[in-house]
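Engineer:
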Amino acid sequence: METKRWQLLISGRVQGVYYRASTEQKASSLGLTGFARNLPDGRVEIIAEGPEDRLDQLKTWCTEGPPDARVDAVDISPEPPTGEFSGFSVR
Numbered sequence: 718m719e720t721k722r723w724q725l726l727i728s729g730r731v732q733g734v735y736y737r738a739s740t741e742q743k744a745s746s747l748g749l750t751g752f753a754r755n756l757p758d759g760r761v762e763i764i765a766e767g768p769e770d771r772l773d774q775l776k777t778w779c780t781e782g783p784p785d786a787r788v789d790a791v792d793i794s795p796e797p798p799t800g801e802f803s804g805f806s807v808r
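Residue numbering for the sequence shown follows the working numbering, beginning at 718 and increasing consecutively.
1) Is it true that the CB of P795 sits closer than 8 Å to the CB of R809?
2) With H, G and I counted as helix, E and B as strand and the rest as coil, what does DSSP make of S746?
3) Could you tell me the alpha carbon to alpha carbon distance between G748 and Q774, rounded to whole angstroms?
4) Name the two residues that bound the continuous beta strand (DSSP E) containing Q724.
5) How far does the beta strand (DSSP E) with D792 in it extend, from its first residue to its last?
6) What are the partner residues of A765, as DSSP defines its beta bridges?
7) Do G729 and R808 have their C-beta atoms closer together than 8 Å?
8) Who are the near neighbours of E719 in its chain, counting only those whose CB is closer than 8 Å to its CB and skipping five residues on each side?
Here it is in structure tokens:
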């Protein structure tokens, strides 16, 4: 399968609610690589690489997030895959 890379920017109440840790668990279970990190403006940035169908599953999960999160928007930007990641991590 062809590897794709997406940048996902998650807006809403997504910091301080275990969003990054939950994303790491979900992405790892899907076999995706990349990272999740908090941004200074209150959003969470996710860089994920893997097959498009699994990226779609992650996107669907991101619209809900963990129980205490409130997701207002998920913005996706495709990027060229780099293959630089060996797993999925929280930064």
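Cβ coordinates follow ideal geometry from the N, Cα and C atoms, glycine included.
Structural biologist: The answer reads as follows:
1) Any property of residue 809 remains undetermined from this structure, which presents the chain solely from 718 to 808.
2) In this structure, S746 counts as helix in the three-state DSSP scheme.
3) 11 Å
4) 720 to 730
5) 787 to 796
6) Answer is W723, G751, bridged to A765.
7) no
8) Within the same chain, E719 has close Cβ partners P768, E769.
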